[in-house]
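Q: Below: one structure in C-alpha cells.
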Amino acid sequence: MTDFVKDPNFQELVVDTTIENRNDEGPMTLENFTKLMVQFYELGWMRGSGGAMGCISGSELMISPSALQKERIREQDVFVYNISQKTEVQRPPNKRITVSSCSVLFSLIMKETGSECVIHTHSKSANLITQFIKSSTFEISHQEYIKGIYDPFSGKCLKYSDTLTIPIIDNMPSESQLLEPIRGVLENHPQAIAVLVRNHGLFVWGPTWESTKIMTECIDYLLELAIEMEKNNFKLVNEDGYEKEDNLSEKMRTLLFSDMAPV
C-alpha cells in the first residue's frame with residue numbers, strides 16, 4: 016500500500032497507552048523486531064522475501080517492509096507509524112521500498128480484535144495442511160501444544176482436551192485481496208486467533224508479541240503433526256472426549272486479550 020496512513024482501519028485503530036505494558040520482556044523494539052525476522056527466516060516461515068509481521072509498541076505500530084529478504088532487514092528498514100497522530104514516523108531510506116502488502120490486513124485484525132501483534136508465515140506445514148483438509152476449517156484436539164493457544168473468550172489458554180479450530184480461506188492473487196475474507200473470519204469465528212490461507216500460509220494474532228510468537232510456534236508444530244497424522248490415517252479430533260460448545264458467537268467476548276497472557 017503506497018500510503019498506509021490513509022487506510023480506514025488504521026485511521027480507526029485506537030490503543031490505550033495507559034494500560035501497563037503486557038509483555039514480560041518489555042515492549043517491542045526495532046532491535047527485537049529485526050531479530051525476530053531472522054528467526055522466522057531460519058524457521059522457514061519467511062523465506063525469499065515472503066512473510067510479514069506487524070506489532071504495536073506503545074503508541075507506535077511497526078510493520079515489516081515488502082520485497083526485502085527478511086534475514087537481512089535492518090532496523091532502519093522497518094516502517095513505523097504513530098497510531099495516535101496517524102503519521103508515518105519512519106520509513107526505509109530507499110524510497111522504492113514499500114510497506115508490506117499485509118499492512119491493511121494487520122490493521123483490520125488489530126482494530127477488530129484488540130491484538131497487538133500479527134505474524135504472517137509461509138511455512139510448508141501451513142501450506143500443505145490446507146491441501147489435506149478440504150473443508151473450511153482445520154481442527155485438532157487432545158494435543159499438548161494446544162495448551163499454548165490463547166482463548167479470547169475466557170482470557171486463558173486452551174486445555175489439552177479442547178479442540179483448536181482454525182478457519183481456512185482461499186488464496187487470492189495478492190494479500191490485500193484477502194481483506195474481505197479475513198473480515199468474514201473475524202465476524203463468523205470470533206474465537207479465532209489464526210486463519211489459514213489455502214496453498215499460501217498462516218496468519219496468527221495475539222495480545223502481545225510474545226504470546227503471538229508462542230502461538231505461531233505451537234500452531235506450526237500442530238500443523239506439521241497433523242500432516243503426519245493424516246498420512247497415517249489418525250483422527251485429528253478425538254470425538255469421544257470432545258463436546259463442542261454451541262453459540263460461541265453469542266457470548267460476550269472478553270476485552271480481547273486482557274492483561275492475562277498465555278503461560
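In my numbering, the protein residues as written are 16 to 278. All residues carry an ideal CB built from backbone N, CA and C; glycine is no exception.
(1) Shorter than 9 Å from the beta carbon of residue 221 to some beta carbon of chain D?
(2) Which two residues bound the contiguous beta strand (DSSP E) that contains residue 97?
(3) May I have a chain-ordered list of the beta strand (DSSP E) segments no shorter than 3 residues that lie completely inside the stretch 119-183?
(4) For the stretch 116-127 and the stretch 162-171, state whether three or more C-beta atom pairs, one from each stretch, are separated by less than 8 Å.
(5) Considering only residues of the same chain and omitting the five flanking positions on each side of residue 156, which have a CB-CB separation below 8 Å?
(6) Does the distance from the CB of residue 71 to the CB of residue 43 come in under 9 Å?
(7) Going by DSSP in three states, residue 29 sits in which element: helix, strand or coil?
(8) Which residues in the same chain have their Cβ closer than 7 Å to the Cβ of residue 84, if we skip the five residues on either side of it in sequence?
(9) Residue 48 to residue 88, Cα distance in whole Å?
(10) Looking at the strands, I want to know which residues DSSP matches up with residue 211.
(11) Decide if residue 249 is buried, meaning its Cβ has at least 16 other Cβ atoms within 10 Å, or exposed.
(12) On the DSSP bridge assignment, give the partners of residue 229 in chain order.
(13) Can you tell me whether residue 161 sits near the ligand ADP, meaning its C-beta is under 8 Å from at least one heavy atom of the ligand?
A: This is what the structure gives:
(1) Going by chain labels, chain D is absent from the structure shown, which holds only one protein chain.
(2) 94-97
(3) 132-136 and 152-156
(4) no
(5) 176, 177, 178, 179, 251, 252, 253, 256 and 257
(6) yes
(7) coil
(8) 64
(9) 9 Å
(10) 183 and 217
(11) exposed
(12) DSSP lists no partner for residue 229.
(13) The ligand content of the structure shown is nil, which means the ligand ADP is not present either.
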